[in-house]
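Here this note's numbering is used: the first residue of the sequence shown is 57, the next is one more, and so on.
All residues carry an ideal CB built from backbone N, CA and C; glycine is no exception.
This one's a predicted model, so the numbers in the text were calculated from it and none came from an experiment.
Read through the structure below, which is laid out as structure tokens, and then see the notes.
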Amino acid sequence: MKNISKEDYLSVIFKNLDEEGGIKPNIIASKLVVSNAAVTDMLKKLAKDGLVDYKPYKGIQLTAEGESYARNMVRRHRIWEVFLNEVVGMAWDKVHDEANRLEHSSSDDLINRMEEMLDYPEYDPHGDPIPSKSGRMPKLKKHRPLSDLNEGESGRVIRVNDFDQKFLVYISGIGVKLDEKITVKEKRSFDKSMEVIIKGKPWNISSKIAKNVFIEVK
Ligand SMILES: [Zn+2]
């Protein structure tokens, strides 16, 4: 059984709110890879703490307190990731887990100083936007999942999902990194897998991989 903290739940809710500002419990379960029952339990706790509004069968919403808490946790996490990547020299597939541990134990003052030292980065090593001290979120450039590209289309990687370390290790191995150009050579309609070209080399990738790599739309 994975031990997932309240902060992790709040971060996932914050990062995956839909257009109406809500999220369905089953989405939270799939993002965190936990059971629906575990999500229900945690949502009850978060609602009791005044951090979410939880109504069964309706979307979950963050309260004002929940939102500022989650935004700050996301900020801590992403600043730690930049620090670990740029200063410590850790690969992008290692920084997420490390940042998960550090984000809880550092003071806001330390985070602010790191941010200054890093010259106010706007994006983390996976291309995710970093909320500023005042809570402003840098705008992500227009992008779409690689899985949406058609045969013959190409574009540059602007963001990747950072939730699964093995996924990051795998895509690093085939040359995927931020700003790398990817061309879709073939798209197979029966299983949505693709042959893509990265640095002149062909690779077969599953639709699951293609759904988690995001390409800038020009
Ligand atoms: Zn990240």
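Notebook entry, point to check: Taking all protein chains shown into account, do 16 or more other C-beta atoms lie within 10 angstroms of the C-beta of residue 169, making it buried, or fewer, making it exposed?
Noted result: Exposed.
Notebook entry, point to check: In this structure, what does DSSP give as the bridge partners for residue 194?
Noted result: As computed with DSSP, residue 194 is found in no beta bridge at all.
Check: Hey, would you say residue 60 sits closer than 7 Å to residue 134, going by beta carbons?
Finding: If you check the CB distance, residue 60 and residue 134 do not come in under 7 Å.
Next item on the list: Check whether the Cβ of residue 321 sits closer than 6 Å to any heavy atom of ligand 1, and report yes or no.
Entry: The structure shown does not extend to residue 321, since the chain spans only 57 to 274, so no value can be given for it.
Item checked: Boundaries (first-last residue) of the alpha helix (DSSP H) holding residue 68 -> In the DSSP assignment, residue 68 falls within the alpha helix (DSSP H) that extends over 62-71.
Margin query: Could you check whether residue 137 and residue 181 sit closer than 7 Å to each other, using their CB atoms as the reference points?
Written below: Against a cut-off of 7 Å, the Cβ pair of residue 137 and residue 181 comes out as a contact.
Item checked: Touch test, the segment 194-209 against the segment 264-273, Cβ-Cβ under 8 Å, three pairs minimum -> Result yes; three or more Cβ-Cβ pairs closer than 8 Å.
Note to self: Applying the 10 Å Cβ sphere with the 16-neighbour rule, what's the burial state of residue 129?
What the structure shows: Counting Cβ neighbours within 10 Å, residue 129 comes out buried, since at least 16 surround it.
Check: When you compare each of 63, 199, 224 and 139 to residue 177 by their alpha carbons, which one comes out closest?
Finding: Closest option to residue 177, Cα to Cα, is 139.
Notebook entry, point to check: Can you tell me whether DSSP reads residue 57 as helix, strand or coil?
Noted result: Residue confidence is low: residue 57 scores 47 on pLDDT, short of 50, so the model does not pin down where it sits. Its coordinate-derived value is still stated next. It is coil, neither helix nor strand.
Notebook entry, point to check: Using the beta-carbon count (16 or more within 10 Å), is residue 192 buried or exposed?
Noted result: Under a 10 Å Cβ-count criterion, residue 192 is classified as exposed, with fewer than 16 other Cβ atoms of the shown protein chains found around its own Cβ.
Check: With a CB to CB cut of under 6 Å and the five nearest residues on each side skipped, what residues in its chain are close to residue 231?
Finding: Excluding sequence neighbours, residue 231 sits near 254 and 255.
Margin query: Taking the straight line between their C-alpha atoms, what separation do you get for residue 161 and residue 240?
Written below: Spanning the two alpha carbons is a distance of roughly 43 Å.
Check: Which class does residue 267 belong to by DSSP, given the choice of helix, strand or coil?
Finding: Looking at residue 267 - three-state DSSP - the assignment turns out to be helix.
Margin query: Applying the 10 Å Cβ sphere with the 16-neighbour rule, what's the burial state of residue 131?
Written below: Counting every other CB atom within 10 Å of its CB across the protein chains shown gives residue 131 a total of 16 or more, marking it as buried.
Next item on the list: Count the CB pairs spanning the segment 119-129 and the segment 66-79 that are closer than 8 Å, and state whether there are at least three.
Entry: The segment 119-129 is in contact with the segment 66-79.
Check: What are the start and end residues of the alpha helix (DSSP H) that includes residue 6?
Finding: A question about residue 6 goes unanswered here, because the residues of the chain that appear run from 57 up to 274.
Check: Hey, residue 95 and residue 81 are a contact pair by Cβ (cut 8 Å); roughly how many whole angstroms apart?
Finding: By a beta-carbon distance limit of 8 Å, residue 95 contacts residue 81. Their separation comes to about 5 Å.
Check: Can you give the Cα-Cα distance for residue 233 and residue 213, rounded to whole angstroms?
Finding: In a straight line, the C-alpha of residue 233 is about 7 Å away from that of residue 213.
Next item on the list: Hey, could you find the ends of the alpha helix (DSSP H) residue 136 is sitting in?
Entry: Its alpha helix (DSSP H) spans residues 120-138.
Next item on the list: Please look up how many angstroms separate the CB atoms of residue 149 and residue 224, rounded, as I've assumed it's under 8 Å.
Entry: Going by Cβ atoms, the distance from residue 149 to residue 224 rounds to 4 Å, so yes, they are a contact pair.
Item checked: Any chain C beta carbon closer than 7 Å to residue 83 -> No chain C is present in this structure, which holds just one protein chain.
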